[in-house]
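**Student:** Below is one structure. I have some questions about it.
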Amino acid sequence: MPMIRLTTQAGALTQQGRHSVQRDLAAVLLRWEGAPDTAFFRAQAWSYLVELPQAAQITAEDDAPRFLVEVTVPQGARSERRKAGLVEEATKTVLAAAGLGRDDALRVWVLVQEQPDGTWGAGGSVVRHADLVALAKGQHTDA
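Start counting the sequence shown at 427; every next residue gets the next number (our numbering).
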């Protein structure tokens with residue numbers, strides 16, 4: 427199942443952005459994963475917000491906040507087109523949540539990490555990509 431984590435320094439997001447960014451990023455991930463829009467799949471899209479103390483992350487140039495989005499998905503489940511779409515939309519989502527414009531896009535890094543099949547477990551069992559595909563085919567959208 428998909429997991430997404432945004433790491434940035436405290437105060438880098440707007441108040442509204444801090445409130446909504448986790449669900450917004452989870453929705454982006456599910457959309458680009460092609461998962462059905464059902465309560466079950468939404469509940470499996472875990473989203474984390476990690477806020478570091480002020481000045482815990484800087485560059486050699488400045489101390490403007492940066493944003494790291496880490497996405498974990500089953501290996502081989504995303505085409506290059508889906509990965510590119512995910513990266514683009516996640517970047518736009520983070521920029522909006524921080525009140526920043528497209529000119530700040532290089533402050534957002536998105537790492538898509540593919541989990542090898544058979545190395546992901548949930549509910550006490552190993553979950554394979556084929557299991558997820560079969561489950562998705564049996565789900566109907568409720569959106």
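Backbone N, C-alpha and C fix where the C-beta goes; we use that ideal spot for every residue, glycine too.
Tell me which same chain residues have a C-beta within less than 8 Å of the C-beta of glutamine 501, skipping the five on either side of it?
**Tutor:** Along the sequence shown, one-based indexing puts residue 501 at 75. Excluding positions up to five away in sequence, the list reads Glu540, Gln541, Pro542, Asp543, His555.
**Student:** Do alanine 523 and leucine 439 have their CB atoms nearer than 7 Å?
**Tutor:** Along the sequence shown, one-based indexing puts residue 523 at 97. Along the sequence shown, one-based indexing puts residue 439 at 13. Yes, the Cβ-Cβ distance between alanine 523 and leucine 439 is below 7 Å.
**Student:** With the cut-off set at 7 Å, would you say valine 495 and alanine 516 are in Cβ contact?
**Tutor:** Here residue 495 is taken as the residue at index 69 of the sequence shown, counted from 1. Here residue 516 is taken as the residue at index 90 of the sequence shown, counted from 1. Yes, the Cβ-Cβ distance between valine 495 and alanine 516 is below 7 Å.
**Student:** Pop quiz: glutamate 487 and threonine 434 are said to be a contact at Cβ under 8 Å. What is the actual Cβ separation, rounded to whole angstroms?
**Tutor:** On the sequence shown, residue 487 is found 61 positions in, with the first residue counted as 1. On the sequence shown, residue 434 is found 8 positions in, with the first residue counted as 1. Not quite, the Cβ-Cβ distance comes to about 17 Å (not below 8 Å), so this is no contact.
**Student:** Sort out for me which residues DSSP pairs phenylalanine 467 with in a bridge.
**Tutor:** As a working note, residue 467 is residue 41 in the sequence shown. In DSSP, phenylalanine 467 forms no bridge with anything.
**Student:** Does DSSP put glutamate 506 in a helix, a strand or coil?
**Tutor:** Along the sequence shown, read from residue 1 onward, the residue named residue 506 stands at position 80. Residue state, collapsed to three classes: helix.
**Student:** Can you name, in chain order, every residue of its own chain whose Cβ lies under 6 Å from the Cβ of tryptophan 458, other than the five neighbours on each side?
**Tutor:** Your numbering for residue 458 matches position 32 in the sequence shown. Excluding residues within five positions, the ones whose Cβ falls inside 6 Å are Arg508, Gly511, Leu512.
**Student:** State the Cα-Cα distance for the pair valine 559 and alanine 471, rounded to the nearest angstrom.
**Tutor:** Position 133 of the sequence shown, counted from the start, is the residue given in the question as residue 559. Position 45 of the sequence shown, counted from the start, is the residue given in the question as residue 471. Cα to Cα, the separation comes out at about 15 Å.
**Student:** Run through the DSSP bridge pairs and tell me what isoleucine 484 is partnered with.
**Tutor:** Working through the sequence shown from its first residue, we reach residue 484 at position 58. DSSP, once it has assigned bridges, lists no residue as partnering isoleucine 484.
**Student:** By the 10 Å Cβ neighbour count, where 16 or more other Cβ atoms means buried, how is arginine 533 classified, buried or exposed?
**Tutor:** Along the sequence shown, one-based indexing puts residue 533 at 107. Buried.
**Student:** Let's see if you can read the secondary structure: which residues bound the beta strand (DSSP E) around arginine 431?
**Tutor:** Locating residue 431 in the sequence shown gives position 5, where the first residue counts as 1. 429-435 is the span of the beta strand (DSSP E), which, as asked, contains arginine 431.
**Student:** Quick one, which of Val552, Lys563, Ala481, Ala490 has its alpha-carbon nearest alanine 531's?
**Tutor:** Here the question's residue 531 lines up with position 105 in the sequence shown. Nearest C-alpha to alanine 531: Ala490.
**Student:** If you count every other CB in all the chains shown that lies within 10 Å of the CB of isoleucine 430, and 16 or more means buried, which is it?
**Tutor:** Locating residue 430 in the sequence shown gives position 4, where the first residue counts as 1. Buried is the call here.
**Student:** Using C-beta distances below 8 Å, list every residue in its chain close to alanine 481, excluding the 5 sequence neighbours before and after it, in chain order.
**Tutor:** Here residue 481 corresponds to residue number 55 of the sequence shown, with the count starting at 1. The residues are Gln435, Asp489.
**Student:** So tryptophan 493 and leucine 432 are supposed to be a Cβ contact under 8 Å. How far apart are they, rounded?
**Tutor:** Numbered from its first residue, the sequence shown carries residue 493 at position 67. Numbered from its first residue, the sequence shown carries residue 432 at position 6. This sequence places phenylalanine at residue 493; tryptophan is not what is there. Rounded, the Cβ-Cβ distance is 6 Å, consistent with contact.
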